[in-house]
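Start counting at 1 in the sequence shown, then tack on 91, and there's your number in the working numbering.
Beta carbons are placed, not taken as given, at the ideal position from N, Cα and C, and that holds for glycine.
What follows is a set of notes on a single structure, which appears directly below.
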Amino acid sequence: MESKKISSLSYIRAIACIGVCILHVFFAGAGLPTATETGAMVSSCIRNCMLFAVPCFVMVTGALLLDPEKKMGKKKVLSYILRMLGVLAIFTFVYEIIDELADGTFGLGNLIRTWWNEFFFNGSWGHVWYLYLIIALYITLPYSRIISRHLRDKDYLNLLVLLFVFMSVVPTISSLAGKTVAFYICVYTVYPFFFFAGYAIRKGILNIDSKICLITAIVGELIMIICTACKVKGVGSYSFVPALIVAVALFGWLFRIEVSEESKLGKALLWADKYSFAVYLTHMFYIKLFFSILKWDPYKNALLYFIILVLVIVCAFATAVVLKMIPGLKKLL
92 MESKKISSLS YIRAIACIGV CILHVFFAGA GLPTATETGA MVSSCIRNCM
142 LFAVPCFVMV TGALLLDPEK KMGKKKVLSY ILRMLGVLAI FTFVYEIIDE
192 LADGTFGLGN LIRTWWNEFF FNGSWGHVWY LYLIIALYIT LPYSRIISRH
242 LRDKDYLNLL VLLFVFMSVV PTISSLAGKT VAFYICVYTV YPFFFFAGYA
292 IRKGILNIDS KICLITAIVG ELIMIICTAC KVKGVGSYSF VPALIVAVAL
342 FGWLFRIEVS EESKLGKALL WADKYSFAVY LTHMFYIKLF FSILKWDPYK
392 NALLYFIILV LVIVCAFATA VVLKMIPGLK KLL
């Protein structure tokens, strides 16, 4: 039974990977200067419906790493941190070279200084923020594991409620009200909630019927579309209450669905999961290529939007397969 649950985490990661590609394609499309008001709105609706993707990545990480049965000494945690720092250093360096070549400003003299500035101050491509998030989760992992190991189920649920209220409900109220709610706790972002929620769902601490999860996710996505169309403040944030509920509900549903590893779907998802991290790191290059360099305009032909999306996903997976063949990168990716 446990092996099936682990497989379901791989399935979730693969689906989240595709979701991130969709999110970024339509986010980039919504910001094009040629976008009509209706076109930008539709693009934003699709983008916001994909906000479950990154939280699902974080929940999978929590489901795997917070398990007390998983051996996690200081050396292991340090290896995780160093691996992610290595990935961050390599890819921000590559991104900087690509930017300078595209702008015609490439020069070895300023390359290192510019790269270091972007590496240290998170000035690289927009999706890189996720790597800093993972590093933060790794740094605090020994203490998060203490919490998950020693809290009773009731106290664990109370912790989730506390994080939900202050990291999601309060920020949502602040966005809607247009001013900051004065009450807070000393936690900076909503991501610890997703981290702990993933483990809670895996272990049955947060146990919601799969049908209820699916219905909740569908209703939540409809609310997200309505909120986007009505230009509700904060709708594009991961801490926005409907977005958080969709992510948790979808994770809960996907975690419990039965898909055989030997089925065509199961094999496809397991294969996609194998390259999901590399796809996350490379897909943005193709989005920039099609939108910024080649200047393809999906608003002249709606079919082009679909073509760009398919090309981004296919090219990113193809690149990921190649990168995973390189000995040095294979372990990092």
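### Task
Kindly indicate which three-state DSSP category C277 falls into: helix, strand or coil?
Residue state, collapsed to three classes: coil.
### Message
Given this structure, state the Cα-to-Cα distance separating R289 from T152, to the nearest angstrom.
### Response
At residue 289 the sequence reads Gly, which differs from the Arg that was named. Looking at the two C-alpha atoms, the distance is approximately 7 Å.
### Message
DSSP three-state label for M92, please.
### Response
With a pLDDT of 45 at M92, under the threshold of 50, the modelled position of that residue is not reliable, and no figure is offered here.
### Query
Apart from the five residues just before and just after L380, which ones in its own chain have a Cβ nearer than 8 Å to its Cβ?
If we look at L380 and ignore the five residues flanking it on each side, it has no Cβ neighbours.
#### Entry: Separation of K166 from A105, as counted between CA atoms
Straight-line Cα distance between these residues: approximately 28 Å.
### Task
In angstroms with no decimal places, state the Cα-to-Cα distance between T373 and L202.
Their Cα atoms are separated by approximately 21 Å.
### Message
Between which two residues does the alpha helix (DSSP H) holding M150 run?
### Response
It spans A144 to L156 - the alpha helix (DSSP H) in which M150 sits, taken as one unbroken run.
### Query
By Cβ distance, which residues of its chain are closer than 8 Å to T125, with the 5 residues on each side in sequence left out?
Cβ neighbours of T125 beyond the five flanking positions: D388, Y390 and K391.
### Task
Go through its chain and collect everything with a Cβ distance to G200's Cβ below 8 Å, but skip five positions before and after it.
Excluding the 5 residues flanking it on each side, G200 has no same chain C-beta neighbour closer than 8 Å.
### Query
Run through DSSP, which three-state label would G311 get?
DSSP places G311 in the helix class (H, G or I) of the three-state scheme.
### Task
List the endpoints of the continuous alpha helix (DSSP H) containing T373.
Its alpha helix (DSSP H) spans residues S367 to K379.
### Query
Around the C-beta of E353, are 16 or more other C-beta atoms found within 10 angstroms, so that it is buried, or is it exposed?
A residue is called buried when at least 16 other Cβ atoms come within 10 angstroms of its Cβ; E353 does not meet this threshold and is exposed.
### Message
So, at 7 Å on beta carbons, what are the nonlocal neighbours of F211 in its own chain, with the 5 sequence-adjacent residues on each side left out?
### Response
Correct list: empty, nothing qualifies.
### Where C140 falls, given that 16 or more other Cβ within 10 Å makes a residue buried
A residue is called buried once 16 or more other Cβ atoms fall within 10 Å of its Cβ, and C140 is buried on that count.
### Message
Three Cβ pairs or more, each shorter than 8 Å: is that satisfied between the segment 357-366 and the segment 327-338?
### Response
Here the segment 357-366 makes no contact with the segment 327-338; the two share fewer than three CB pairs at distances below 8 Å.
### Query
Quick one: what's got a C-beta closer than 7 Å to C318's C-beta in the same chain, skipping five residues either side?
The beta carbon of C318 sits closer than 7 Å to those of V326 and P333, all from its chain and outside the five residues before and after it, given in chain order.
### Message
Would W216 and Y186 be called neighbours here (beta carbons separated by less than 8 Å)?
### Response
Yes.
### Message
Suppose the cutoff is 8 Å on Cβ atoms and the five residues either side in sequence are ignored; what does the same chain contact list for L179 look like?
### Response
Taken in chain order, the residues that qualify are F210, V219, L222, Y223 and I226.
### Query
Looking at the structure shown, is K167 part of a helix, part of a strand, or coil, going by DSSP?
Three-state result, K167: helix.
### Query
Excluding sequence positions up to five away, which residues of its chain have a Cβ less than 8 Å from the Cβ of G110?
Within the same chain, G110 has close Cβ partners M141, F143, A144 and C147.
#### Entry: Given I309 as reference, the closest of V339, Y329 and I398 once Cα atoms are compared
Ranking V339, Y329 and I398 by CA distance to the CA of I309 puts V339 first.
### Classification of P283 by the beta-carbon crowding that lies within 10 angstroms, buried from 16 upward
P283 should be labelled buried.
#### Entry: Same chain only: Cβ atoms within 6 Å of F184, ignoring 5 sequence neighbours per side
Result list for F184: W206, in chain order.
### Query
Nearest to I189 by CA position, among M375, D158, L228 and L155, is which residue?
Nearest Cα to I189 within the set M375, D158, L228 and L155: M375.
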